[in-house]
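Remarks on the structure that follows.
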Amino acid sequence: EILLATKASLSTGPGRMDRGNSRLHLLNALDSSLHRLGVDHIDLWQLHTYDDDTPMEETLGALDHAVDSGKVRYVGISNFTGWQSAQATTWQRAWPGRAPLVSHQVEYSLLRRGIEAEVLLAAEALGLGVLPYSPLAKGVLTGKYRHATPSDSRGAHPEWGQHIDPLRTPHDQRIVEAVITAADGLGTSPLAVALSWVRDQPGVVAPIVGARSVAQLTGSLAAEDLTLPVEIRRALDDVSAPPRPDRTD
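Residue numbers (our numbering): 61 to 309.
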């Protein structure tokens with residue numbers, strides 16, 4: 061069974077109404093997605109980002125219309141802060157019969173755990189299933205950038221390299237080494253270890269993986285059968301713990 065999910069919000073043209081969470085843009089983007097995909101409905105349709113310029117009531121009304129029309133089964137959000145997700149979810153639930161928000165898609169990995177301070181707690185309280193994207197930190201957690209940038213990798217491309225380089229700090233490298241050590245001890249791949257760690261975090265429904273080859277897809281699927289021992293999970297938690305916020309100001 062295949063469940064089809066997609067998002068809307070980002071720019072699709074040069075005009076002001078070609079981006080954001082206005083009713084016009086969202087519903088036009090939905091129709092375009094249905095046409096490109098060759099389907100009559102989307103199982104999970106998500107707001108790609110929060111939009112300060114559009115009233116929340118207008119945005120949520122568009123989600124309701126999409127569900128009522130049968131073009132969408134369920135709706136969710138992506139890249140919202142904790143308070144933004146609380147605002148949207150609470151507003152939607154204030155009117156009986158409105159389509160409830162069911163999911164929150166956010167970046168989450170051993171190298172990017174910032175959402176734990178607020179976003180994950182909000183998702184749990186609001187009943188939103190968390191869909192982590194980039195659970196392998198753009199491939200860095202697989203170890204392929206451990207010593208150098210492979211010439212055939214996306215990191216070798218200037219456009220992608222600028223997104224990968226910030227994930228290769230000394231702190232990040234220590235985390236990668238810990239993942240590799242854990243993988244060696246378990247007789248599996250760093251990919252499987254990193255993916256399993258994200259998958260088993262509280263509130264996570266399913267990590268979103270990307271694969272450019274059969275080998276990459278096979279590696280990701282192998283994580284399904286891996287459960288990290290408690291001591292290894294604790295070690296990874298410790299080495300990847302984000303800095304505590306400075307509350308002295």
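The beta carbon of each residue, even a glycine, is placed where N, CA and C say it ideally should be.
Paired residues, beta bridge with residue i - DSSP
i           : result
residue 80  : DSSP output for residue 80 lists no bridge partner at all.
residue 180 : Paired residues: none, contrary to the question.
residue 192 : 166
residue 275 : Paired residues: none, contrary to the question.
residue 67  : 106
residue 292 : In DSSP, residue 292 forms no bridge with anything.
residue 268 : 193
Residue burial classification, residue i (beta-carbon count within 10 angstroms, cutoff 16)
i           : result
residue 206 : exposed
residue 155 : exposed
residue 153 : exposed
residue 111 : buried
residue 143 : exposed
residue 272 : exposed
residue 167 : buried
residue 277 : exposed
residue 113 : exposed
residue 232 : buried
Pairwise C-alpha distance: residue j and residue i
i           : j           : result
residue 195 : residue 256 : 9 angstroms
residue 279 : residue 234 : 22 angstroms
residue 294 : residue 245 : 15 angstroms
residue 248 : residue 201 : 14 angstroms
residue 62  : residue 101 : 12 angstroms
residue 145 : residue 182 : 7 angstroms
residue 228 : residue 172 : 12 angstroms
residue 282 : residue 86  : 37 angstroms
residue 186 : residue 148 : 10 angstroms
residue 130 : residue 157 : 15 angstroms
residue 291 : residue 116 : 44 angstroms
residue 159 : residue 250 : 39 angstroms
residue 193 : residue 270 : 9 angstroms
residue 258 : residue 236 : 14 angstroms
residue 239 : residue 90  : 40 angstroms
residue 297 : residue 99  : 42 angstroms
residue 309 : residue 139 : Because the pLDDT at residue 309 is just 47, under 50, the model does not fix this residue reliably, and the value given afterwards should be weighed accordingly. Each residue's alpha carbon lies about 27 angstroms from the other.
residue 124 : residue 285 : 38 angstroms
residue 175 : residue 151 : 22 angstroms
residue 95  : residue 141 : 31 angstroms
residue 105 : residue 230 : 38 angstroms
residue 289 : residue 302 : 22 angstroms
residue 241 : residue 165 : 29 angstroms
Beta-carbon spacing of residue i, residue j below 7 angstroms
i           : j           : result
residue 253 : residue 266 : no
residue 136 : residue 161 : yes
residue 16  : residue 119 : With the chain running from 61 to 309 in the structure shown, residue 16 is simply not present.
residue 83  : residue 122 : yes
residue 92  : residue 66  : no
residue 163 : residue 180 : no
residue 107 : residue 81  : yes
residue 103 : residue 133 : yes
residue 263 : residue 184 : yes
residue 198 : residue 224 : yes
residue 300 : residue 170 : yes
Length-filtered (4 minimum) alpha helix (DSSP H) runs lying within the region 220–263: 230–246, 250–259
Secondary structure, beta strand (DSSP E): runs of 3+ residues fully inside the region 109–177: 132–138, 161–167
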